[in-house]
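Student: Okay, here's the structure, questions in a sec.
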Amino acid sequence: FFMPAIGRLSLYRPPAEQTHDDGTITRNDTGVGEGDVISIYYDPMIAKLCSWGHDRNAAIGRMQTALDAFTMRGIGHNIPFLSAVMEHDRFISGNITTAFIDEEYQDGFRGVTASPARKRHLGMIMAAAACDEMHRLASLETAPTHPRHDDNSNRQIVQFANAETGAHDAAEDLSIAITRSNDGSFRITAPPEAETDIHLVFDRNPSHPRLHILLTEDGVTTQYLCELWRQQDRWHLYYRGISLCAHVRAPHIAALAHHMKPVERPDTSNMLLCPMPGSLIKLFVAEGDIVEAGQTLCIVEAMKMENALIAEKRCKIEKLFSGEGDILSVDATIMTFAAAD
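To convert, count from 1 in the sequence shown and add 331; that's my numbering.
If you want it as structure tokens, here you go:
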């Protein structure tokens, strides 16, 4: 997750600098803009986001809000990790050392797993966005009584899916009844408290991917500022390190989803793929060599840093696909392995 990334900033919308009532500010120091290209030849830092407050909790709260409002596309970045850290109990308490990442993220960072309550709320937001999209399309059609837009058919199934393969677990499906009011707000009924009405209001600017939501349940209003977009028939939502993908379907369509085969991931277990864009500056093996677990295979230089790639187990170098001096992209095949004799 912490590997350097290159590419064009196709979307770069940092939070606006803000002066708070206590005189402190939230600001973003940056040297890039939307459309700029991050290359392999320079430091990977894109921006330095700063927040202040009268105490630690206030400063953290303002940083959370600023990260929520920070939108960036085109390259990989660490905003999800920073959002996760801001919500980590140890960080909030201040009980941290320079070993914090090694201690809390021993296996790396792969995103935040949403709690059942938060995932339920985020699923409702995706359903509301889908309902709003249907309403918008219906307003453009000459036949507003199209079955897809029948107001009596307001039950939807939110089917959370794996973003890469499309596979989903029916046990995680969220069944809700949703009605759009004339003022653009939504009334939602969802399990497990099926008798409780939930009120949802969102402010959506078509020119900006961020969505501001106020969700009220049992008299308690929760505010969300998340990134939401649609790609083909899937809705994608990002919020504070949580990345969700889901289909929003009518029940009769959702019932057929289990007949769809998920996309199979290619087997890359016998390949060494370049984990970051960079230059292959040193190759320590040749075809036919037997290498041991932990042995250095090559060094890739990216953004002024040398990264040693090592063998995970004893094996034989089957074929080399790259040579010293080659410029490699992410996931470029450097070599393949075979079983050791």
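Note that beta-carbon positions come from the ideal geometry of N, C-alpha and C, so glycine has one too.
(1) For A633, which residues of its own chain have a beta-carbon under 7 Å away from its beta-carbon, when the five flanking residues on both sides are left out?
(2) I406 to V616, Cα distance in whole Å?
(3) Please classify M457 as buried or exposed, where buried requires at least 16 other C-beta atoms within 10 Å of its C-beta.
(4) Alpha carbon to alpha carbon, how far is E435 from R561?
(5) Contact between the segment 353 to 367 and the segment 423 to 438: three or more CB pairs below 8 Å?
(6) Kindly indicate which three-state DSSP category K450 falls into: helix, strand or coil?
(7) Cα separation between F652 and I665?
(8) Starting from the Cα of E495, find the closest Cα among S382, L659 and K592 and give me that residue.
(9) Would N359 and A378 be called neighbours here (beta carbons separated by less than 7 Å)?
(10) Do you know offhand how far Q487's Cα is from P346's?
(11) Using the Cα positions of A400 and A445, report the straight-line distance between them to the nearest angstrom.
(12) Let me check understanding here. Comparing Cα to Cα, which of N485, A498 and F412 lies closest to A521?
(13) Do L659 and L611 come within 7 Å of each other at the CB atom, strictly closer than that value?
(14) Do E618 and I648 come within 7 Å of each other at the CB atom, strictly closer than that value?
Tutor: For this structure:
(1) By 1-based counting over the sequence shown, the position of residue 633 is 302. Once the five neighbours on either side are set aside, the close Cβ partners of A633 are P335, I371, M607, P608 and G609.
(2) For the purposes of this step, residue 406 is identified with residue 75 of the sequence shown, where counting begins at 1. For the purposes of this step, residue 616 is identified with residue 285 of the sequence shown, where counting begins at 1. Roughly 31 Å separates the two Cα atoms.
(3) Here residue 457 corresponds to residue number 126 of the sequence shown, with the count starting at 1. Burial call: buried.
(4) On the sequence shown, position 104 is the one that residue 435 refers to. On the sequence shown, position 230 is the one that residue 561 refers to. Going by the C-alpha atoms only, they are around 33 Å apart.
(5) No, they do not touch.
(6) Residue numbering aside, residue 450 sits at position 119 when the sequence shown is read from its first letter. Note: K450 maps to helix in three-state DSSP.
(7) Here the question's residue 652 lines up with position 321 in the sequence shown. Here the question's residue 665 lines up with position 334 in the sequence shown. Distance between the alpha carbons of F652 and I665 is about 5 Å.
(8) One-based indexing of the sequence shown puts residue 495 at position 164. Minimum Cα distance to E495 is reached at K592.
(9) Here the question's residue 359 lines up with position 28 in the sequence shown. Here the question's residue 378 lines up with position 47 in the sequence shown. Going by C-beta atoms, N359 is nearer than 7 Å to A378.
(10) The residue given as residue 487 occupies position 156 in the sequence shown. The residue given as residue 346 occupies position 15 in the sequence shown. Approximately 34 Å between the Cα atoms of the pair.
(11) Here residue 400 refers to the residue found at position 69 of the sequence shown. Here residue 445 refers to the residue found at position 114 of the sequence shown. Cα to Cα, the separation comes out at about 19 Å.
(12) Residue 521 sits at position 190 when you count from the first residue of the sequence shown. Here the closest residue by C-alpha is N485.
(13) For the purposes of this step, residue 611 is taken as the residue at position 280 of the sequence shown. For the purposes of this step, residue 659 is taken as the residue at position 328 of the sequence shown. Yes, the Cβ-Cβ distance between L611 and L659 is below 7 Å.
(14) Mapped onto the sequence shown, residue 648 falls at position 317. Mapped onto the sequence shown, residue 618 falls at position 287. Yes, the pair counts as a contact, with Cβ atoms nearer than the cut-off.
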